[in-house]
Structures are given as C-alpha cells and as structure tokens.
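Step one of this worksheet: look at the structure below.
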Amino acid sequence: MRAAYIARRFGVFLLILWLAATLNFFLPRLSGQDPVHAKLLQQAALGGYVQAGIEEMTREYERRFGLDRPLWRQYLTYLADVARLDFNYSIANYPKTVRELVADAVPWTLGLLGTTTLLSFVIGSLLGALLAWPRAPRWMLWLMPPLWALHAIPFFLLGLILTYLLAFQLPLLPIFGGYSPGATPSFSWRFVWDVFQHALLPAMSIILVATGGWALGMRGMMVTTMGEDYVVFAEAKGLKAPTVFLRYCLRNAILPQVTALALALGQILSGAVLVEVIFGYPGIGTLLFQAIRENDHFVIQGVVFIVIVALGLTTFVLDVVYPWLDPRISYRRT
Amino acid sequence: MSERFSPSRPRRREVIKAGLAAGVTAMLPWQGARAELPPVARNRTMILVWGGREGRWVDWDLWNPYSIGSNHQNGPNLVYEPLAFYSAFADKTEMWLAESFEFGPDFKRLTIKTRSGINWSDGTPFSAEDVAYTLNSLRDLGAKVRWGVDVQQAVAKAEATDANTVVIDFKIPSPRFFFFMTYKYDIGVYIVPKHVFDGQDWTTFKNFDLEKRWPVSTGPWQVVAASPQQKVFDRRAAWWAAERKLAPLPAVERNIWLPNAGEQQTAQALITNQLDAGAGMQPATFPTMFTQNPKIITHTGQNKPYGYMDWWPISLYVNNERPPFNDKDVRWALSQYIDRQQLVEVGYLGANTPSKLPLPPYPPLLPYFDAVKDLLAKYDTNEFAPKKGDALLQGKGFKKDTDGFWADGQGKRLAVNIIGFGAAGPAIGPVLVEMLKRRGVEAGMALPPDFDSRFQKGEYDGAIYGHGGSVNEPYATLRLYQGASIAVPGAHQANFARWKNADYDKLVDEAYAVPPDDSKKLAEIWRRAMEIWLPELPDIQLVQNIHRIPWNTTYWKNWPVAPHPYVNGAHWHLTFPMVLWSLQSA
Numbered sequence: 003m004r005a006a007y008i009a010r011r012f013g014v015f016l017l018i019l020w021l022a023a024t025l026n027f028f029l030p031r032l033s034g035q036d037p038v039h040a041k042l043l044q045q046a047a048l049g050g051y052v053q054a055g056i057e058e059m060t061r062e063y064e065r066r067f068g069l070d071r072p073l074w075r076q077y078l079t080y081l082a083d084v085a086r087l088d089f090n091y092s093i094a095n096y097p098k099t100v101r102e103l104v105a106d107a108v109p110w111t112l113g114l115l116g117t118t119t120l121l122s123f124v125i126g127s128l129l130g131a132l133l134a135w136p137r138a139p140r141w142m143l144w145l146m147p148p149l150w151a152l153h154a155i156p157f158f159l160l161g162l163i164l165t166y167l168l169a170f171q172l173p174l175l176p177i178f179g180g181y182s183p184g185a186t187p188s189f190s191w192r193f194v195w196d197v198f199q200h201a202l203l204p205a206m207s208i209i210l211v212a213t214g215g216w217a218l219g220m221r222g223m224m225v226t227t228m229g230e231d232y233v234v235f236a237e238a239k240g241l242k243a244p245t246v247f248l249r250y251c252l253r254n255a256i257l258p259q260v261t262a263l264a265l266a267l268g269q270i271l272s273g274a275v276l277v278e279v280i281f282g283y284p285g286i287g288t289l290l291f292q293a294i295r296e297n298d299h300f301v302i303q304g305v306v307f308i309v310i311v312a313l314g315l316t317t318f319v320l321d322v323v324y325p326w327l328d329p330r331i332s333y334r335r336t
Numbered sequence: 004m005s006e007r008f009s010p011s012r013p014r015r016r017e018v019i020k021a022g023l024a025a026g027v028t029a030m031l032p033w034q035g036a037r038a039e040l041p042p043v044a045r046n047r048t049m050i051l052v053w054g055g056r057e058g059r060w061v062d063w064d065l066w067n068p069y070s071i072g073s074n075h076q077n078g079p080n081l082v083y084e085p086l087a088f089y090s091a092f093a094d095k096t097e098m099w100l101a102e103s104f105e106f107g108p109d110f111k112r113l114t115i116k117t118r119s120g121i122n123w124s125d126g127t128p129f130s131a132e133d134v135a136y137t138l139n140s141l142r143d144l145g146a147k148v149r150w151g152v153d154v155q156q157a158v159a160k161a162e163a164t165d166a167n168t169v170v171i172d173f174k175i176p177s178p179r180f181f182f183f184m185t186y187k188y189d190i191g192v193y194i195v196p197k198h199v200f201d202g203q204d205w206t207t208f209k210n211f212d213l214e215k216r217w218p219v220s221t222g223p224w225q226v227v228a229a230s231p232q233q234k235v236f237d238r239r240a241a242w243w244a245a246e247r248k249l250a251p252l253p254a255v256e257r258n259i260w261l262p263n264a265g266e267q268q269t270a271q272a273l274i275t276n277q278l279d280a281g282a283g284m285q286p287a288t289f290p291t292m293f294t295q296n297p298k299i300i301t302h303t304g305q306n307k308p309y310g311y312m313d314w315w316p317i318s319l320y321v322n323n324e325r326p327p328f329n330d331k332d333v334r335w336a337l338s339q340y341i342d343r344q345q346l347v348e349v350g351y352l353g354a355n356t357p358s359k360l361p362l363p364p365y366p367p368l369l370p371y372f373d374a375v376k377d378l379l380a381k382y383d384t385n386e387f388a389p390k391k392g393d394a395l396l397q398g399k400g401f402k403k404d405t406d407g408f409w410a411d412g413q414g415k416r417l418a419v420n421i422i423g424f425g426a427a428g429p430a431i432g433p434v435l436v437e438m439l440k441r442r443g444v445e446a447g448m449a450l451p452p453d454f455d456s457r458f459q460k461g462e463y464d465g466a467i468y469g470h471g472g473s474v475n476e477p478y479a480t481l482r483l484y485q486g487a488s489i490a491v492p493g494a495h496q497a498n499f500a501r502w503k504n505a506d507y508d509k510l511v512d513e514a515y516a517v518p519p520d521d522s523k524k525l526a527e528i529w530r531r532a533m534e535i536w537l538p539e540l541p542d543i544q545l546v547q548n549i550h551r552i553p554w555n556t557t558y559w560k561n562w563p564v565a566p567h568p569y570v571n572g573a574h575w576h577l578t579f580p581m582v583l584w585s586l587q588s589a
C-alpha cells in the first residue's frame with residue numbers, strides 16, 4: 003500500500019541519517035587535532051604577533067564548546083542537537099553559529115548550482131533527444147561534438163577562460179562576486195538583474211560543461227526507446243511526429259535522466275568548490291572546504307549533515323514520485 | 004489496485020510552479036536585504052580587496068573586535084579609534100583620543116589625559132570612562148577575549164578620575180603599556196563605547212545592528228552595509244579630528260571592502276579599474292599589471308621589490324630542542340649552506356633582500372644595527388660559505404655517505420623536514436630544500452594545514468616563519484627568544500626556536516625595566532644580548548617580508564609610497580585610517 007511503502011522508505015531515510023550523523027561526528031575527530039587551539043594560534047598569529055594566554059583561552063573555549071567532556075557525552079549532546087537542527091557555534095568563527103553560516107551560503111549555492119543543474123538538464127536532455135530523432139534538423143549534428151568536447155573540460159578551467167574572454171578582454175560581464183560593489187541586496191529588479199549578470203559567467207561555465215553529459219545520456223536512451231513496440235505502434239496509428247516524440251519517446255526515455263537529476267540536485271549542496279572559489283561565489287562548497295581546512299568540527303558536522311539530508315531527501319522523494327512519473331511502476335508489491 | 008489515479012495528487016504544473024518560485028526565492032541573497040544605499044560616484048569611492056575566506060566575508064556581522072572569531076584586519080580597524088597611532092616609517096607617534104600620558108616614577112602608574120569634546124557617532128560623548136571600562140573589562144575577562152590576558156597580566160585597575168583623566172595602576176612595572184595600547188601594525192587596544200558594550204557578553208556580542216547604526220565610532224567611518232559579499236563604510240559628515248585640524252576629512256566618501264577572490268581576479272579587476280587596492284601579490288604578477296595599466300603602482304613605484312618591508316623578517320627556524328639542531332655548529336652550517344641572494348632571485352624574482360637580524364631595519368631600529376656591526380662582521384648571518392659549513396659538520400663527526408648526504412657516527416642522516424605556510428613557505432621553501440640537498444642535507448618541505456599548531460607546540464624540525472617583534476626599540480624582538488621571565492610573572496613566551504639561555508633571559512628582563520625612549524641603555528643591553536645570541540644563532544636568518552600591495556592611481560593618489568612614506572600602507576593594519584584620510588582625488 004502507498005502508506006506502508008512511504009513509511010518503509012521514510013524508515014530507511016531515518017536510518018541513513020543516523021548512520022551518517024554518527025560517522026559525521028567521529029570522522030573529524032580522528033585527525034587528533036585540537037581545533038580550538040589551532041584556531042586561536044592561527045588567529046593570534048595573523049598579525050605576526052602571538053598574544054598572551056593562548057593555553058588559557060583554549061581551555062576556556064573547549065569548556066564552552068563542550069570539547070572537554072568525554073566523547074560519549076559529546077556524542078549524545080550532538081545527537082540531541084542534530085535532532086533540533088542545532089549545530090552549535092562555529093569553532094573557527096565564534097560567535098557565529100553554524101546555522102548562520104549555512105544560511106549565508108545556501109542561497110548562493112542553490113542559486114548558482116541549482117539553476118545551472120536544472121538548465122543543463124533541460125537543454126542537454128532536449129538536445130540529446132533531438133539528436134536521436136531522425137527528423138531533427140541536420141545542423142544539430144554539428145552541435146554535439148563541441149558540446150562533448152566541452153564536457154571533458156573541468157568547469158573551473160572553462161570558467162577561467164570565459165572570465166578572461168568575457169570579463170577581462172571584452173568587459174561584458176563582472177569578473178567576480180555575487181553582485182556589484184556598493185549594491186544593496188533588495189527585492190528590486192535592479193538588484194535581481196545585477197545578481198543575474200554576476201551569475202552568468204559561472205553559470206555558463208557549468209552549463210557548457212554539463213550539457214554534453216546530459217545530452218549523451220539522453221541520446222542513448224532515446225535510441226533504445228525509439229525501438230520499442232509502443233513507439234512503432236504510435237507511428238503506425240498515424241500520430242503526429244511531435245506527439246510521438248514528446249509523449250511516447252521523450253517521456254519514457256527521460257526516466258533514468260530524472261533519477262540522475264535527483265541525485266545531481268542532492269549533490270549541489272556539496273557544491274562545485276572550485277567554481278565557487280574562482281568566481282568568488284560564497285556558496286556552501288567553499289564553506290565546507292574551509293571548515294575541513296580549519297578542522298571546524300561543528301561546521302563540518304552541520305554542512306555534511308545537511309548534504310546527507312538533501313541527498314537522502316531527494317532519494318526519498320524520488321522513490322515516492324517515481325510511480326507518479328512512470329505509470330508502469332506501482333507502489334504495490336508484486 | 005494501484006493508486007496512481009488518486010485525484011488528490013498534485014498536478015505537474017503546480018509542482019513546476021512551486022519549484023520555480025522556491026528556486027527564485029532561494030537564489031536571492033536575502034540575508035542582507037534592506038533599503039538601497041544612496042549612490043556615490045566611482046571617483047569618490049575607494050574599493051579594495053582583502054581577506055575573507057574563499058571569496059566571502061564570514062565575519063560580515065561581527066564588529067566586536069574582542070570576540071575570538073573577530074579580526075580587526077577585516078574592517079574594525081576603521082571603526083575603533085586608538086589612544087594614539089604610531090608610524091614606524093616616520094618614527095612618529097600621533098596622539099589621538101589621548102592628548103597626553105605620563106608614567107609614575109616606578110612605571111606602576113600611568114595617567115592618560117583624553118581629549119574633550121569627542122562624541123561617538125550616536126551622539127554620546129566619548130570620555131575617560133570608555134578607556135577605563137575597556138581596560139577593566141579586559142582585565143576581568145582575561146582568557147575569554149582577545150588581548151584579555153595581555154591586559155590582565157599588567158593592569159590592576161583603571162579608574163576615570165574625571166571625564167578626561169584615566170589612572171591605570173599596574174601589578175608590575177609596565178613602561179611599554181601605552182605603546183602596547185597604541186595602534187601600529189596589528190597591535191593596539193581598541194577603545195569600545197561603554198554605553199553600548201556595558202551589560203553585553205563580550206564573547207558573543209556582535210555589535211552589529213544597522214537600524215541602531217551599530218557599530219558606533221568616534222572615527223570618520225560609518226558601517227552602512229555588510230554581507231558575505233562586501234563591507235561598506237560611508238564617510239560621516241562631521242569628524243572631531245578634522246574639525247581640530249589633526250587630519251583632513253577624508254576625500255574618500257565611500258570605502259568598500261571586498262573579500263579576496265584570488266590573485267588573478269584581483270589583478271584583472273585592478274587592470275580594468277574596478278579596484279583601487281589589492282591584497283598582497285606575488286612578484287611575477289606586477290610586471291603584467293604595470294604593462295596593462297600604467298596607473299598601477301606599489302610602495303616602490305613600478306620597481307622591485309614592489310612593496311615595503313614588513314616588520315616580520317623571515318627565518319628558517321630549527322627546533323633547538325631536537326638533535327642535531329640543538330648544536331649551534333649544525334645551525335651555523337645550515338646557515339652557511341644557504342645562498343640568500345639566489346633565494347631572492349629564484350624565490351622572489353629578485354624582489355626582496357636578505358635579512359641579517361630578526362628585526363626590520365626601520366629608521367628607529369638602525370642604531371641597534373649599528374651597535375652590533377662588528378659582531379655581525381664576525382658572525383655574518385648572511386654568509387654563503389659551504390666549505391665553512393662542511394668543516395663545522397665534519398668537526399661534529401658528520402661524514403658524507405655513499406649518496407652524498409651527511410650522516411653522523413651512527414649513520415643517521417642529517418635531515419631537516421621543513422614546514423611552511425602562507426606566501427613565504429611556497430615561495431622560498433622549495434628553493435631552500437634544493438639548496439640544502441645540494442650541500443648534502445636531506446631536506447624536505449610540506450605545507451601542513453595545522454602549521455600554526457605544530458610550529459608553536461614545537462612539533463617540527465624546520466619551519467619558515469617570521470618575527471613579530473620590534474618596530475621602534477629592541478625589547479619586543481629580544482623577548483621572542485626568552486625562555487623564562489622573572490620581570491613579567493606568568494608571561495607568555497613565544498620562543499618558537501625553543502632556544503634556552505639563562506644569561507640571555509636575564510638581559511631581556513633587564514631590558515623590560517628600561518623605558519623605551521632610553522635608547523642608550525637599551526643599545527647597551529641589546530649588544531650584550533647579541534653577544535650571546537649571534538654565536539648561538541637560534542634561528543637562521545633568510546629574507547625580509549615584503550608587503551606587495553598594488554595601488555591604482557586612476558581615482559586616488561597620495562598613497563604612502565617611497566621615498567616619503569607617512570605610514571605602512573597595508574589596509575589590514577590598524578594604521579590604515581591614516582592612509583584613508585591622506586588619499587586625494589586623482
């Protein structure tokens with residue numbers, strides 16, 4: 003039954019969360035580093051001068067962060083905190099909380115990677131489908147080799163080239179940043195346009211690279227689908243070509259792409275770190291990268307947990323909506 | 004029966020619409036959403052790049068400079084005015100919020116007269132109460148906040164005896180306490196507004212609320228916007244220092260701080276006049292920038308070393324607690340294997356100079372270089388003399404093995420694994436390793452993420468690091484090598500080289516008690532200390548640290564360039580307000 007099916011999937015989802023949260027707690031601690039001490043030393047040494055009292059400060063803040071307590075107690079506190087979605091303070095950026103840091107970063111990552119993932123999926127899938135479709139225009143055949151070649155280039159490298167060409171040599175777009183210096187974030191068209199302009203270069207680099215991959219996958223699926231009996235039957239019935247293309251071929255061929263899209267959307271929270279770094283995009287990938295470098299346990303735990311939830315949730319949603327997308331799949335046990 | 008025909012299921016269009024709406028909402032950087040700032044022309048705006056983490060300000064809403072996650076380098080240096088500024092380049096102290104100060108005869112009391120008629124930006128008068136409150140709070144908070152332990156070690160109590168007089172009683176003689184509070188480089192005590200900070204938990208208080216116009220300041224800059232993308236300061240219409248002709252009202256009307264997105268992006272933005280100042284850059288980048296935008300200059304114009312000498316001469320530290328580096332002859336042998344000129348040529352493309360002593364040759368320190376000139380001739384810390392190095396190692400029983408590496412009597416190779424960080428490590432580390440290898444030392448190089456922790460806990464063989472010591476007199480540098488102190492009980496000892504010498508320690512304590520302006524007495528102690536230090540060579544002197552900061556003169560001129568620098572030009576240092584009020588429209 004649908005309710006039992008959903009409950010079972012949800013149970014698996016919770017189990018994955020607990021396992022991942024547990025690993026997430028213990029893995030950063032395996033390094034044996036003392037993040038508070040390291041952070042204070044790094045901070046103190048920023049100006050080349052080491053302030054007095056680093057040891058006392060370390061003890062004070064370890065007590066404050068609960069890092070002076072036995073590991074099992076830290077673990078139980080952590081589980082209770084995670085259940086309330088409270089990830090504590092950032093060790094490296096105290097008194098900023100992990101929640102604040104994530105809230106700062108998530109909109110940028112969703113905005114850049116979410117949009118580009120969806121756009122490259124739509125463009126790539128459509129191109130792939132048309133490439134396999136015998137009645138597609140011939141010029142399309144010329145489009146694919148460059149897209150496949152671009153697919154082999156890491157998008158941060160393409161990003162550097164695009165920046166040089168479109169922002170530096172032909173100053174059409176901004177070189178870096180999320181919006182212009184001096185602009186104020188507001189719900190105005192001017193600001194939205196400003197954000198859009200700044201997002202174009204990183205978005206182009208991701209879309210140009212990713213589209214070829216989606217197209218390649220879709221083309222293969224389309225070729226297989228076009229050989230199915232129901233497609234032959236639809237054509238034999240005299241249905242119009244667009245109907246056969248859209249409703250019989252594309253709709254069925256796209257199912258594995260949707261699975262891949264769901265997983266790709268789940269992964270965007272882990273971010274394209276290098277793209278974010280190159281374009282000065284303050285997303286969640288760079289937040290995690292920095293937290294790992296600083297061994298900031300609480301930020302690592304918070305970000306990784308959110309990534310796990312995102313992945314688990316998209317898988318769960320996919321499990322639930324798949325039968326809705328593909329009528330051949332039923333919630334019932336066979 | 005399958006439930007796929009359930010009438011309650013959402014329609015595809017609704018799902019798509021909801022998804023699009025959620026996506027668009029999520030895209031907007033809503034965390035800083037507020038009314039738009041009034042526009043300021045580009046030629047009235049100064050835009051710089053500095054700091055941040057991977058292109059983002061993490062501390063954009065953190066304006067309490069004492070919380071441990073805060074860093075005055077990221078903007079608070081414009082907000083909190085000091086009691087005094089000190090420029091080592093000009094060797095000049097500018098009294099600021101303080102008008103004068105006077106120590107008691109035993110240096111256990113300091114009386115500071117603050118200026119009258121100064122207001123915080125919210126209209127509340129600034130007074131001696133703010134100074135006393137700042138010091139007493141730091142004393143009470145100690146290890147919970149930045150600078151707390153430094154103040155706690157010295158201050159017994161601070162009292163405002165009237166609106167413009169602060170009397171500070173010390174636990175121990177503290178002849179350098181006013182200089183400690185004075186802004187120079189990265190050291191100084193930020194005077195906070197009592198009416199804002201009182202009753203707050205200093206460890207978690209952020210001091211950021213644009214509606215209340217926090218942070219308040221006595222200075223000419225008001226924070227008007229802050230987000231992970233940028234920090235924006237607008238010039239206030241009135242500023243007490245301009246009214247009293249102590250400084251001009253800055254010509255810059257808006258100052259925007261962008262987080263550093265990388266050297267290439269910064270260079271491109273400078274070339275295209277989108278930026279007025281960049282963060283420190285590698286020497287190789289400068290000729291390209293000069294060619295493409297002749298308006299870009301540095302402290303030394305468009306000539307090498309493309310910057311000014313920082314207060315942080317760089318050394319190869321070797322761990323004096325670990326054999327064989329606990330032997331001064333081994334340390335000297337390593338020093339004599341290093342060709343510093345080649346290090347400069349290869350590591351910095353010629354844009355640097357060797358360093359002879361662990362303090363910079365700033366004007367007020369030159370007499371101290373002169374005081375040990377004969378010692379430096381005898382113990383030449385820059386000498387490249389591989390044969391002398393060989394002789395020193397042979398004298399200690401080292402012989403070259405079949406692979407050409409030095410090995411001791413037990414066949415153990417002379418190996419030095421060097422750790423480094425920041426810009427200096429990658430720039431000179433590999434060159435240094437190759438030089439040592441060619442002389443038979445089994446050297447290696449790593450840039451570990453926990454460099455600071457390893458280095459300061461003494462978990463290293465060799466390390467590339469600088470000296471945050473003296474800028475005007477030698478005590479601070481002498482103290483970097485002190486193993487224990489009687490004069491300053493419980494004092495934190497840096498002693499990164501982990502070198503110990505009881506006679507040297509006594510001399511440093513002796514220097515502590517000497518007033519900083521008694522240069523004759525200090526020079527005499529300095530020389531006696533160097534008579535111990537130089538033959539021992541606790542760490543191996545390498546090169547100067549150069550701040551290579553690109554400045555764009557398209558919109559702004561009067562940057563602090565040689566040969567008449569009014570102050571060091573780093574916008575992350577506490578003295579940057581002096582640069583800002585000196586800039587003139589181009």
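Chains as they are written, first to last, in our numbering: chain A, 3 to 336; chain B, 4 to 589.
Yeah, the Cβ is synthetic: ideal placement off N, Cα and C, and Gly gets one too.
Query, Result
"Simplified DSSP assignment, three categories, for Trp33(B)", "With a pLDDT of only 47 at Trp33(B), under the threshold of 50, the placement of this residue in the model should not be trusted; the figure read from the coordinates follows. Helix at Trp33(B)."
"Option in Ile552(B), Val444(B), Trp217(B), Ala264(B) with minimal Cα separation from Pro308(B)", "Ile552(B)"
"Which of helix, strand or coil DSSP assigns to Pro357(B)", "strand"
"Residue(s) in a DSSP beta bridge with Ala418(B)", "Glu445(B)"
"Option in Leu261(B), Ala449(B), Val82(B) with minimal Cα separation from Pro196(B)", "Val82(B)"
"Own chain, CB closer than 6 Å to Asp172(B), minus 5 neighbours either side, in chain order", "Arg112, Ala159, Lys160"
"Start-end ranges of the beta strand (DSSP E) lying completely within the region 38 to 126 of chain B, minimum 3 residues", "48 to 52, 87 to 90, 95 to 98, 101 to 106, 112 to 117"
"Closest Cα partner of Gly222(B) within the set Trp243(B), Glu445(B), Gln203(B)", "Trp243(B)"
"Those runs of the alpha helix (DSSP H) which lie wholly inside the region 261 to 333 of chain B and span at least 4 residues", "266 to 274, 288 to 295"
"8 Å CB neighbourhood of Met49(B) in its chain, flanking five on each side removed", "Val255, Arg257, Asn258, Ile259, Asp279, Ala280, Tyr558, Trp559, Leu583, Leu586"
"Interface flag, Trp110(A) vs chain B, CB-CB below 9 Å", "yes"
"Contacts around Ala163(B), its chain only, beta-carbon distance under 6 Å, and the 5 residues preceding and following it disregarded", "Ala131, Glu132, Ala135, Val169"
"Chain A within 9 Å of Lys209(B), Cβ atoms only", "yes"
"At least 3 beta-carbon pairs within less than 8 Å: the region 160 to 176 of chain A vs the region 266 to 273 of chain B", "yes"
"Contact set for Thr99(A): own chain, Cβ-Cβ below 6 Å, skip 5 residues either direction", "Tyr91"
"Proximal chain A residues relative to Glu476(B), where beta-carbon distance stays under 8 Å", "Here the premise fails: no neighbours, minimum Cβ distance about 16 Å."
"Glu266(B) at chain A interface by Cβ criterion, 9 Å", "no"
"Any chain A beta carbon closer than 9 Å to Gln34(B)", "With a pLDDT of 47 at Gln34(B), under the threshold of 50, the modelled position of this residue cannot be trusted; read the value that follows with caution. For Gln34(B), the answer is yes, since a Cβ of chain A falls inside 9 Å of its Cβ."
"C-beta atoms of Tyr484(B) and Val511(B) nearer than 9 Å", "yes"
"Contacts around Asp404(B), its chain only, beta-carbon distance under 8 Å, and the 5 residues preceding and following it disregarded", "Ala410, Gly414, Arg416"
"Extent of the continuous beta strand (DSSP E) run through Glu162(B)", "158 to 165"
"Neighbourhood of Asn167(B) by C-beta distance below 8 Å, restricted to the same chain and skipping five residues each side", "Glu102, Lys116, Thr117, Arg118, Ser119, Ser130, Ala131"
"Phe173(B) - containing alpha helix (DSSP H), residue span", "Segment 168 to 173 is the beta strand (DSSP E) holding Phe173(B); no alpha helix (DSSP H) there."
"Members of the region 147 to 179 of chain B that neighbour chain A once the beta carbon cut-off is set at 8 Å", "Lys147, Arg149, Trp150, Gly151, Val152, Asp153, Gln155, Gln156"
"is_contact[Pro244(A), chain B] using C-beta, thresh 9 Å", "no"
"Cβ shell of Gly151(B) (< 6 Å), same chain only, five flanking positions each side left out", "Leu141, Leu144, Gly145"
"Ser190(A) in three-state terms, based on DSSP", "coil"
"Any chain A beta carbon closer than 9 Å to Asp455(B)", "yes"
"Any chain A beta carbon closer than 9 Å to Ser70(B)", "yes"
"Counted within 10 angstroms of its Cβ, other Cβ atoms place Trp33(B) as buried (16 or more) or exposed", "Any reading at Trp33(B) needs caution, since the residue's pLDDT is 47, under 50, leaving its predicted position unreliable; the model's value is listed next. It counts as exposed."
"CA-to-CA distance, Pro68(B) to Gly35(B), given in whole angstroms", "Because Gly35(B) sits at a pLDDT of 49, beneath the cut-off of 50, its placement in the model cannot be relied upon, and the point is left open."
"Contact set between Pro363(B) and chain A, taken where Cβ atoms lie within less than 8 Å", "Under the 8 Å cutoff, chain A gives no residues; its nearest Cβ is about 11 Å from Pro363(B)."
"Segment limits, alpha helix (DSSP H) that includes Leu120(A)", "117 to 134"
"Contacting positions in the region 54 to 66 of chain A - beta carbon closer than 9 Å to chain B", "Ala54, Gly55, Ile56, Glu57, Glu58, Met59, Thr60, Arg61, Glu62, Tyr63, Arg66"
"Inter-stretch contact (C-beta, 8 Å, three-pair minimum) for the region 245 to 264 of chain A and the region 219 to 226 of chain A", "yes"
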